[in-house]
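S.K.: Okay, here's the structure, questions in a sec.
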Amino acid sequence: LVPGLDGNHSRGNQQAVGYLLEGHCGRDVLDITKLRPENEEVVLVVGAKSVGMYATPAARKALWPLIAPAWQNLELMCSTEEEVEDPDLLDAAKIGSFVQLLRGKSRIGFALTPGTGDGVGNAMEAEQWTLIQAYGLEGIGKPGFFSMNFQVVDVYQALQAMYTELDSHDLDHLLHSGTR
Numbered sequence: 265l266v267p268g269l270d271g272n273h274s275r276g277n278q279q280a281v282g283y284l285l286e287g288h289c290g291r292d293v294l295d296i297t298k299l300r301p302e303n304e305e306v307v308l309v310v311g312a313k314s315v316g317m318y319a320t321p322a323a324r325k326a327l328w329p330l331i332a333p334a335w336q337n338l339e340l341m342c343s344t345e346e347e348v349e350d351p352d353l354l355d356a357a358k359i360g361s362f363v364q365l366l367r368g369k370s371r372i373g374f375a376l377t378p379g380t381g382d383g384v385g386n387a388m389e390a391e392q393w394t395l396i397q398a399y400g401l402e403g404i405g406k407p408g409f410f411s412m413n414f415q416v417v418d419v420y421q422a423l424q425a426m427y428t429e430l431d432s433h434d435l436d437h438l439l440h441s442g443t444r
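Sequential numbering of the sequence shown, starting at 265, is according to the numbering used here.
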């Protein structure tokens, strides 16, 4: 999940991060237009058995009490205060963390903008996001387009269905019971 400027303020990513990190549920998720400032810089890689997360120190401080007890399988990467002060260093830290979080993955799901007809988003949408473009730069990630290196899957519709099925009480129970 790549919210904020790095994900071109993708509605699907904003909604997913709002759901996971800000407690929005049901119809509230659908109305999200802006995240808390500290969550705009967060990057999440959610797998079947683990969660990888990049965060700034401000986001870590705000989120840690909420996620640490629930996400025991969390791999957290955090920028330093020095990196936060320098936009170039901050970008380098985020890109490096993103590359590391994707290691060993071959299939990546993004909440893409629904297309016309079948409602499936176009994988090329993600290629326009700043963080995804940076991945393909020489010496950063694997060379070439992101979608040449990973199978990009649209998960927007699946997430939309989940938002309406789980309210905040159900989500809290799932997160703290350790069951699916």
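Glycine residues also receive a C-beta, built at the ideal position from the N, C-alpha and C atoms.
Mind checking which residues open and close the beta strand (DSSP E) that includes ALA319?
M.R.: Start and end: 315 to 319.
S.K.: May I have the straight-line CA-CA distance separating THR377 from GLU389, to the nearest angstrom?
M.R.: Cα-Cα distance, rounded: 8 Å.
S.K.: Going along the chain, which residues of its own chain have a beta-carbon closer than 6 Å to the beta-carbon of LEU284, five neighbours each way excluded?
M.R.: No residues qualify anywhere along the chain.
S.K.: With DSSP run on the structure shown, which of helix, strand or coil describes ASP418?
M.R.: Correct three-state label for ASP418: strand.
S.K.: Beta-carbon within less than 8 Å of PHE414's beta-carbon, same chain only, minus the 5 sequence neighbours each way: which residues are those?
M.R.: Result list for PHE414: LEU366, LYS369, SER370, ARG371 and ILE372, in chain order.
S.K.: From the DSSP output, in three-state form, read off ILE372 for me.
M.R.: Of the three classes helix, strand and coil, the one that applies to ILE372 here is strand, per DSSP.
S.K.: Between the Cα of GLY385 and the Cα atoms of ILE359, ASP352, GLN392 and VAL419, which residue gives the shortest distance?
M.R.: Nearest of ILE359, ASP352, GLN392 and VAL419 to GLY385, Cα basis: VAL419.
S.K.: Taking the beta strand (DSSP E) that VAL306 falls in, what are its first and last residues?
M.R.: Careful: VAL306 lies outside any beta strand (DSSP E) and carries neither H nor E.
S.K.: Output the boundary residues of the beta strand (DSSP E) element that contains GLU347.
M.R.: Per DSSP, GLU347 belongs to no beta strand (DSSP E); it is in the alpha helix (DSSP H), 345 to 349.
S.K.: Is PRO314 buried or exposed, if buried means 16 or more other CB atoms sit within 10 Å of its CB?
M.R.: The sequence shown places Ser at residue 314, rather than the Pro named in the question. Result: exposed.
S.K.: Taking VAL306 as the reference, give the member of ASP355, VAL266 and LEU330 with the closest Cα.
M.R.: With distances taken between Cα atoms, VAL306 lies closest to VAL266.
S.K.: Return the CA-CA distance between GLY362 and LEU330, expressed in angstroms with no decimal places.
M.R.: One point to set straight first is that residue 362 is Phe, not Gly, in the sequence displayed. Taking the straight line joining both Cα atoms gives about 22 Å.
S.K.: Which residue comes first and which comes last in the alpha helix (DSSP H) that contains GLU286?
M.R.: Looking at the DSSP string, the run of the alpha helix (DSSP H) that includes GLU286 is 275 to 286.
S.K.: Buried or exposed: which applies to GLN278, given that a residue is buried once 16 or more other Cβ atoms fall within 10 Å of its Cβ?
M.R.: Buried, since its Cβ has 16 or more Cβ neighbours within 10 Å.
S.K.: Roughly how many angstroms separate the alpha carbons of SER343 and ALA322, rounded to a whole number?
M.R.: Approximately 10 Å between the Cα atoms of the pair.
S.K.: Could you tell me which of GLY311, LEU308, GLU339 and VAL281 sits nearest to THR297, measuring between CA atoms?
M.R.: For the residues GLY311, LEU308, GLU339 and VAL281, the minimum Cα distance to THR297 belongs to VAL281.
S.K.: Hey, how far is the Cα of ARG324 from the Cα of TRP393?
M.R.: Using only the alpha carbons, I get a separation of about 23 Å.
S.K.: Does ALA323 come within less than 8 Å of chain C when only Cβ atoms are used?
M.R.: Here there is only one protein chain, and chain C is not present.
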